[in-house]
Amino acid sequence: MTKRGWIDNPSAALKIGEGFRLADVDPDSTPGYRGDKHSGAKDLASGFEELDELQERLFADSRAGVAKDSVLLVLQAMDSAGKGGIIRHVVGGVDPQGVTLAAFGAPTAEELSHDFLWRVEKHLPKPGFIGVFDRSHYEDVLVAKVRDLAEPAEIERRYGAINDFEARIAASGTRIVKVMLHISPEAQKKRLMERLDRPDKHWKFNPADTDDRLLWPDYMEAYQAMFERTSTDFAPWHVVPADSKWYARLAVQELLLEALEDIDPQWPAANFDIEAERARLEAS
Ligand code: ATP
Ligand code: MG
7 MTKRGWIDNP
17 SAALKIGEGF
27 RLADVDPDST
37 PGYRGDKHSG
47 AKDLASGFEE
57 LDELQERLFA
67 DSRAGVAKDS
77 VLLVLQAMDS
87 AGKGGIIRHV
97 VGGVDPQGVT
107 LAAFGAPTAE
117 ELSHDFLWRV
127 EKHLPKPGFI
137 GVFDRSHYED
147 VLVAKVRDLA
157 EPAEIERRYG
167 AINDFEARIA
177 ASGTRIVKVM
187 LHISPEAQKK
197 RLMERLDRPD
207 KHWKFNPADT
217 DDRLLWPDYM
227 EAYQAMFERT
237 STDFAPWHVV
247 PADSKWYARL
257 AVQELLLEAL
267 EDIDPQWPAA
277 NFDIEAERAR
287 LEAS
């Protein structure tokens, strides 16, 4: 069943399948959706109410101690693809007390002294929560591969370690929603240039982003390898075209909605005698 302007379930339209080639995805396309920017804004608002209620139910279950499930949204992308906008405009719509957000930058000396999954494990969402990873353990097979931060054999080991790790957390009740926001190099150039043109955006510009940009083909190759090695039934990758910000936000919102609908959280039953409490409150 599809909703709003979706012709296909976004998970079906965006999940990578057998023989997937990143190079074949047009970053300016809007797969599975039949509307435009205008209807997209309306659909985002309507999905927002649904997301808010589902998240509140899930969180209520955690308060009542009956939640087993959680959602983990993993966001990966080249710079300026819109991770921040997803966090602000999609995840930002729900009650922040039910959300845990972790951003992963270059590892500290302490983090480097442990296995690469060590720092990630600490930020997994507890039952009843939506966790968001702004970058993730996947940097350890992306930037690490592109910049030779690890030996090829170690990168190989990591793909398997990631699959084992995700299988374990999926089995314990976490719905893992993995998203690569796919921007074109042309759109990135425009967005980075705007950061230089506007004083209110200078703070967002990082000269290192241009260094990564110069390695674009290497990054695309690392993403392709990552998809081939770590897209699994229990934690599939979705490639979300991101040149249109409105589409990317709508698509990620729907992916989150699908994960929550799959959990189908119910309002927890009262753990007290409702009538007795009513009488007591009336008499007070
Ligand atoms: P913004 O959109 O605000 O720039 P960002 O995610 O790019 O957000 P930054 O703090 O600019 O945040 O960049 C984080 C940097 O840390 C990225 O360049 C990323 O490649 C790097 N990084 C993240 N994880 C690792 C890792 N495991 N090893 C090496 N570098 C890493
Ligand atoms: Mg950056």
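Quick note on the numbering used here: the sequence shown kicks off at 7 and runs consecutively. Where a beta carbon is used, it is the ideal one built from N, C-alpha and C, also for glycine. Everything numeric in this text was worked out from a predicted model, so none of it was measured.
- In the DSSP assignment, Asp75 falls outside any alpha helix (DSSP H), carrying neither H nor E.
- Assignment of beta-bridge partners to Thr180 by DSSP yields Ser76.
- In the DSSP annotation of this structure, the continuous segment of the beta strand (DSSP E) that includes Val105 starts and ends at 105–109.
- If you check the C-beta of Ala214 against the ligand MG, you find a heavy atom less than 8 angstroms away.
- Rounded to the nearest angstrom, the gap between the Cα atoms of Val77 and Lys251 is 23 angstroms.
- For Trp252, the enclosing alpha helix (DSSP H) covers residues 251–269.
- Here Gly46 is not bridged, per DSSP, to any residue.
- Comparing alpha carbon positions, the residue from Gly88, Glu59, Arg63 closest to Gly99 is Glu59.
- Comparing alpha-carbon positions, the option among Ala51, Leu198, Leu79, Leu57 lying closest to His129 turns out to be Leu79.
- Between Gln230 and Ala87, the gap from beta carbon to beta carbon reaches 9 angstroms or more.
- When the five nearest sequence neighbours on each side are left out, the beta carbons in the same chain lying within less than 7 angstroms of the beta carbon of Val245 are those of Leu20, Ile22, Leu28, Val31, Met186, His188, in order along the chain.
- Following the DSSP letters along the chain, one finds Phe233 inside the alpha helix (DSSP H) bounded by residues 222–236.
- By the Cβ criterion, the region 268–280 is in contact with the region 63–77, since at least three pairs of Cβ atoms, one from each stretch, lie closer than 8 angstroms.
- Phe26 is a Cβ neighbour of Glu234, given a cutoff of 9 angstroms.
- Taking a 10 Å sphere around the C-beta of Glu145, we find 16 or more other C-beta atoms and assign the residue as buried.
- In terms of side-chain proximity, the C-beta atom of Arg164 is found no nearer than 8 angstroms to any non-hydrogen atom of the ligand ATP.
- In the three-state scheme derived from DSSP, where H, G and I count as helix and E and B as strand, Phe139 is classed as strand.
- Burial state of His120 is exposed, judged by a 10 Å Cβ sphere holding fewer than 16 other Cβ atoms.
- Per DSSP, His95 lies in no beta strand (DSSP E); the unbroken alpha helix (DSSP H) holding it starts and ends at 89–95.
- Here Gly71 is not near Leu107, since their CB atoms are 9 angstroms or more apart.
- Val246: member of the beta strand (DSSP E) spanning 243–247, first to last residue.
- Looking at the DSSP output, Val185 sits in a beta bridge with Leu81, His244.
- Spanning the alpha carbons of Glu127 and Lys207 requires a straight line of approximately 33 angstroms.
- When DSSP reads this structure, Lys21 sits in a beta bridge with His244.
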